[in-house]
Amino acid sequence: MIASIAWRNLWRNKLRSLIIIAAVVVGILGGVGSDGFMEGMVDQRVNTAIANELSNIQLHQPDFLLNNEINYTIPNPDQYIEVANQMPEVKGASKRIICGAMASTATAATSVLICGVIPEQEKKVTGIYKKVISGNYLNDEQRIPVVVGKKLADKLELNLNSKLIVTLADSSGTITYGAFIVVGMYQTSNNLYDESHIFVRINDLGKLAGITGQVHEIAISLFDNKQTSLVFNKLSSSFKQQIDNKSIDMRTWEQLEPLLKSMIEMTAFFSYLFLIIILIALAFAIINTMTMAILERKREIGMLMAIGMTRGKIFTMIMLETLFLAIVGGLVGLLMSYGLVEYYAHYGLDFGSMGSGMSYIGYDSIVYFKVTDGFYLASFILVAITAVLSSISPSIKALKLNPVDAIRELN
Amino acid sequence: MSIIQINNLHKTYTDTKVPVKAVNGISLSIEEGEFTAIVGPSGSGKTTFLNLMGGLDTPTEGDILIGGKNIKDLNSRQLIDFRLHHIGFVFQSYNLIPVLTAIENVAFIMELQGIPKKERHQIAMELLKKTGLEGKENYRPGELSGGQQQRVSVARALASKPKFILADEPTANLDSASTEDLLNMMAELNKSENMTFIFSTHDKRVMDKARRIVTIDDGKVVSDV
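Line order of the protein sequences matches chains A and B.
Heads up, the first sequence is in our numbering, so the first residue is 1 and it goes up one at a time.
Heads up, the second sequence is in our numbering, so the first residue is 412 and it goes up one at a time.
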């Protein structure tokens, strides 16, 4: 009956209870909504990085990541491709030559990273071919083709079929250059990437750099990013000998770009921090409301003590009242947050004119919200904890009541 | 048989500028089945005396033995339990729980005592019937008249099967007809259940019904007839 009294007490002052419920709803909407936005933004960034830039796992000659020296190539690269492709989790594996180079036209020049790829292999690993906005992606029919980012094309004033001169140091250290024909332009959500990465066929680059048949990088893409660790471990045991004798070095995308991993952790941290700040503010509102409710019912509580209700039961009654408020607000808040997140997960939040600024830091201009089930659950639990903690002060106030004083007030 | 034995009871309030002796050496014995009125002018100490008897306040000096047990020896937790099982309270302002119906108000005290739901429902129904509230079981206090609310209050006090019922000015907020009804009902319960009633009152009509009148002034018993 104590729970029943607590529940009914809530509705003695409907307006006041509804205001607190509304505050909880708005608090949860704010917390979950901001998490949906931040998590969605970071998730998109990570997915884009994996899909277009990094892939899930990469293999290199151990010194290559420290110094992109052209001669740090992977011996017998096909054995790794073969093993990786046999795994059911693997979507594709691609060989790459990566060189720092100077790209120039008649009007301008800039430094770029030139990626030599096997087009059909690369299509299974990265999605750059899907991002081609004019012309075509690389194929075997074209003559010394290059696919450049739209941003780079604008910078170097390149058009389709323009000639791009690439200058680099070959395997002997001699400065060499080659001319490539622009066959396509791509555009991702990361302007910096688009401005600095160009794609050519691996054989064309191999010949130019004097490392025909050799590769610097093997990129492995998975069907599901969650299986990265599993596949990494499987590959580690398959390639144990090569790793031990330092023929290769294998890394996940998290190890290649620790900043992305930190971003995910930071986002989670800030989401919880934001939620906790909201809940602290909410706690003061709850404490204030419940204290008012207790002061108004001073006589009644005194009478309950007089007739034999223990302090523990009075404490429980007040705590339950607060908890019910929070649970009602929490459930409505979660339901509305779910609706909001689902809406923006489907249609996205378009930043319009601000979008171009966002693409300079690698983010899409349309953010698709994402909230994990864990965050919904954690929000609800945190609201409940806030309610319990907020009930302590009003309960103590109630417990300090002297039944004699209360009765004196009564009579 | 004496159910309340009070010996040389004193209560001095020291939280005021000048210490106030609200109860100043009362000794009294109350037998089972009595219908006693504690009377006296305002400030005479009758409410303090009632609070001390009800274990709501602690005496500065003296003993209160209820059923042979000195309640001065009980700690606050034991006192709450003692009040719950041995003393019934009727307040001037009824003091029912406004969100509960009449039957729930009566049953609530039995829930605190740990009586099973079915049994407490049955007892509450019987008590409401005895107090003339049959048909009003599911009314909330706000839907009942003052007299009816006080009847629920008496039913609630009876529900805990107390040794005695303390009623502090129970008719102060009632009109003549309701007062008459309530007093008749309590007198009937006193007779039929042998329930001991102790009132504090100013009301002449209550005094007329009482079989014993203890007059207090300046914290002392000045007459006991």
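All residues carry an ideal CB built from backbone N, CA and C; glycine is no exception.
For residue i, which residues does DSSP report across the bridge?
i	result
Ala101(A)	Val112(A)
His197(A)	Leu113(A)
Asp204(A)	Per DSSP, none; premise fails for Asp204(A).
Glu296(A)	Looking at the DSSP assignment, Glu296(A) forms no beta bridge with any residue, so it has no partner.
Asp350(A)	Ile366(A)
His216(A)	According to DSSP, which records beta bridges pairwise, His216(A) is partnered with nothing at all.
Val148(A)	Met185(A), Ile198(A)
Ser611(B)	Ile449(B), Asp579(B)
Ser440(B)	Gln416(B)
Asp628(B)	Lys631(B)
To which residues of the same chain is residue i closer than 7 Å at the C-beta, ignoring the five residues directly before and after it?
i	result
Ala568(B)	Gly499, Phe500, Val501, Ile576
Leu665(B)	Any property of residue 665(B) remains undetermined from this structure, which presents chain B solely from 412 to 636.
Leu10(A)	Ser17, Glu321, Phe324, Leu325
Met317(A)	Ile2, Ile5, Ala6
Glu443(B)	Met412, Ile414, Asn605, Thr607
Gly413(A)	Since the first residue of chain A shown is 1 and the last is 411, residue 413(A) is not available in this structure.
What residues in its chain sit with their C-beta under 8 Å from that of residue i, if we drop five residues either side in the sequence?
i	result
Gly436(B)	Asn419, Leu420, His421, Gly473, Gly630, Lys631
Ile514(B)	His532, Ala535, Met536, Leu539, Glu548, Asn549
Leu401(A)	Lys298, Ile301, Gly302, Met305
Ile181(A)	Gln142, Arg143, Ile144, Pro145, Val146, Asn161, Ser162, Lys163, Leu164
Val125(A)	Ser55, Lys91, Gly92, Ala93, Ser94, Ala219, Ile220, Ser221
Ile508(B)	Glu515, Asn516, Phe519, Pro552
Ile74(A)	Leu59, His60, Gln61, Tyr80, Gln214, Val215, His216, Glu217, Ile218, Ser247, Ile248
Thr412(A)	A query on residue 412(A) cannot be resolved here, the shown segment of chain A reaching from 1 to 411 and no further.
Interface residues of chain B around residue i at Cβ under 8 Å?
i	result
Pro258(A)	Neighbours of Pro258(A) on chain B: none; closest Cβ ~58 Å, over 8 Å.
Glu300(A)	Asn506, Ile508, Pro509
Arg12(A)	Pro509, Val510
Under a CB-based cut-off of 7 Å, is residue i close to chain A?
i	result
Asp468(B)	yes
Glu522(B)	yes
Leu569(B)	no
Asn419(B)	no
Phe500(B)	yes
Phe519(B)	yes
Asn516(B)	no
Asn595(B)	no
Leu476(B)	no
Leu600(B)	no
Leu577(B)	no
Leu585(B)	no
Asn495(B)	In the sequence as displayed, the identity of residue 495(B) is Leu instead of Asn. It does: the Cβ of Leu495(B) has a partner Cβ on chain A nearer than 7 Å.
Find the residues of chain B that neighbour residue i, judging by a C-beta separation of less than 7 Å, and give them in chain order.
i	result
Arg8(A)	Val510
Buried or exposed: which applies to residue i, given that a residue is buried once 16 or more other Cβ atoms fall within 10 Å of its Cβ?
i	result
Leu410(A)	Any reading at Leu410(A) needs caution, since the residue's pLDDT is 46, under 50, leaving its predicted position unreliable; the model's value is listed next. Leu410(A) comes out buried.
Asn506(B)	buried
Asn52(A)	buried
Pro470(B)	buried
Pro258(A)	exposed
Thr459(B)	buried
Gln241(A)	exposed
Asp586(B)	exposed
Val636(B)	exposed
Val563(B)	buried
Gly456(B)	buried
Would a check of beta-carbon distances place residue i closer than 7 Å to chain B?
i	result
Pro403(A)	yes
Met290(A)	no
Met319(A)	no
Met303(A)	yes
Met1(A)	yes
Which residues of chain A have a Cβ atom closer than 9 Å to the Cβ of residue i, listed in chain order?
i	result
Asp492(B)	Gly308, Thr310
Asn486(B)	The contacting residues do not exist; Asn486(B) stays about 12 Å from chain A at best.
Who are the near neighbours of residue i in its chain, counting only those whose CB is closer than 6 Å to its CB and skipping five residues on each side?
i	result
Val332(A)	Val25
Leu205(A)	Ile97, Gly116
Val633(B)	Thr626
Lys432(B)	Thr423, Gly630
Phe446(B)	Asn601, Phe608, Ala621, Arg622
Whose Cβ in chain A lies nearer than 8 Å to the Cβ of residue i?
i	result
Leu538(B)	Per Cβ cutoff of 8 Å: no residues; Leu538(B) is ~15 Å from chain A at best.
Using 6 Å as the cut-off, classify the Cβ of residue i as near or not near the heavy atoms of the ligand FAD, replying yes or no.
i	result
Ile248(A)	As for the ligand FAD, it is missing from this structure, which has no ligand bound.
So with CB distances below 7 Å, who are the chain A contacts of residue i?
i	result
Leu555(B)	Per Cβ cutoff of 7 Å: no residues; Leu555(B) is ~16 Å from chain A at best.
Please list the partners that residue i has in chain B, where partner means a Cβ-to-Cβ separation under 9 Å.
i	result
Ile5(A)	Ile508, Val510, Leu511, Glu515, Phe519
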